[in-house]
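Colleague: Sharing a structure below in structure tokens format, with a few things to ask.
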Amino acid sequence: MPMSYQINPRQPVVSQELLAAYRSIPSSTLGHFSDRGFLRGIKPLFNDIRMLGQVITVKVFPPDGSILREALLLSEPGDVLVIECVGDEECGCWGELRTLAGLIKGLAGVVVSGAVTDVSALRRHGLPVFCRDVSAYTTRGIGAQGEVNHTITVGGVRVQPGDLAIGDDDGVFILDPGQAVELLPELLVKEETDQKRRDELLQRLHARPAYIGAIAVCPWPL
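Residue 43 is where the sequence shown starts when you use our numbering, and the numbers rise one by one after that.
If you want it as structure tokens, here you go:
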């Protein structure tokens, strides 16, 4: 079967300053303002996970997963591979060997619209991975079809090369650079406000009476 890859160059769109500004912003803070860019149905593969980086898009046609090698070769440290699986979404297109290659390349994370495999190893290696499902049935090296850095759709969101990916235990948001710049002031204000409120509530929590059996022991003078 003839190879039919469509590969566009990597586009460095997101500035390092913008990336730095988003490092402290959780996905749930974005979710307070809008669902625009939220990848529905995409879940973290393990807990205590955090991902931030510029998007390289990949379109995979399972069971053919060969195009992922080209995407890895094109990637640079801090990039996030966002993968649309066209067709059989139960065919795992990302596993341990690609994770190890991604760690060597310095990927910030991987988002898969379908399934991943080698789940135990992926959790052990720690590269942030978000997906829709897991599967023992996997892609193979057919080398017939695939796309890198073209527009894709994941979780109902149109994703472009050079977008910003923000992911953690609560899910993934994809923002285009203009949207990321526009939202940033509101997000920073909300984070500051929430931190003050969090500190106040924690102080009240730690100051509450301790209970021994049914007898309250008050920690401050009456």
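Virtual Cβ for every residue (Gly too), placed ideally from N, Cα, C.
Just so it is clear, the structure is predicted and the values come from calculations on it, not from any experiment.
So what's Q3 in DSSP terms, helix, strand or just coil?
Modeller: A query on residue 3 cannot be resolved here, the shown segment of the chain reaching from 43 to 264 and no further.
Colleague: Rounded to a whole number of angstroms, what is the C-alpha to C-alpha distance between G120 and A249?
Modeller: Going by the C-alpha atoms only, they are around 42 angstroms apart.
Colleague: When the distance is taken between beta carbons, is I216 closer than 9 angstroms to V196?
Modeller: A contact, by the Cβ cut-off of 9 angstroms.
Colleague: In terms of alpha-carbon separation, which member of M93, V153, T193, K85 lies closest to V53?
Modeller: The sequence given here has Gln at residue 53, not Val. For the residues M93, V153, T193, K85, the minimum Cα distance to Q53 belongs to T193.
Colleague: What span of residues does the alpha helix (DSSP H) with R140 cover, start to end?
Modeller: 138 to 147 is the span of the alpha helix (DSSP H), which, as asked, contains R140.
Colleague: Does the Cβ of V231 have 16 or more other Cβ atoms within 10 Å, making it buried, or fewer, making it exposed?
Modeller: Label assigned to V231: exposed.
Colleague: Going along the chain, which unbroken runs of the beta strand (DSSP E) with 3 or more residues stay wholly within the stretch 75 to 158?
Modeller: If we require 3 residues or more, the beta strand (DSSP E) runs fully inside the stretch 75 to 158 come out as 92 to 102, 121 to 127, 151 to 154.
Colleague: Just to check my reading of the structure: G134 and V176 have Cβ atoms closer than 8 angstroms, yes? What is that Cβ distance to the nearest angstrom?
Modeller: Right, their Cβ atoms sit about 7 angstroms apart.
Colleague: Give the DSSP-derived three-state secondary structure of R174 in the structure shown.
Modeller: Reduced to three states, the DSSP call for R174 is coil.
Colleague: Three-state secondary structure (DSSP) at G168?
Modeller: G168: coil per DSSP, three-state reduction.
Colleague: Can you tell me whether Q58 is helix, strand or coil according to DSSP?
Modeller: Q58: helix per DSSP, three-state reduction.
Colleague: In whole angstroms, what is the alpha-carbon distance linking A178 and L244?
Modeller: Approximately 44 angstroms between the Cα atoms of the pair.
Colleague: Can you tell me the Cα-Cα spacing of D160 and F88, whole angstroms?
Modeller: D160 and F88: Cα-Cα distance of roughly 13 angstroms.
Colleague: Report yes or no: do three or more beta-carbon pairs, one from the stretch 121 to 132 and one from the stretch 56 to 64, lie closer than 8 angstroms?
Modeller: No contact exists between the stretch 121 to 132 and the stretch 56 to 64.
Colleague: Report the three-state DSSP secondary structure of Y179 (helix, strand or coil).
Modeller: DSSP places Y179 in coil when its eight states are reduced to three.
Colleague: Can you give me the Cβ contacts of G83 inside the same chain, cut-off strictly under 7 angstroms, excluding the 5 residues immediately before and after it?
Modeller: Excluding sequence neighbours, G83 sits near R174, G197.
Colleague: Nearest to R182 by alpha carbon, out of L229, V158, R165?
Modeller: Of the candidates L229, V158, R165, the one whose C-alpha sits nearest the C-alpha of R182 is V158.
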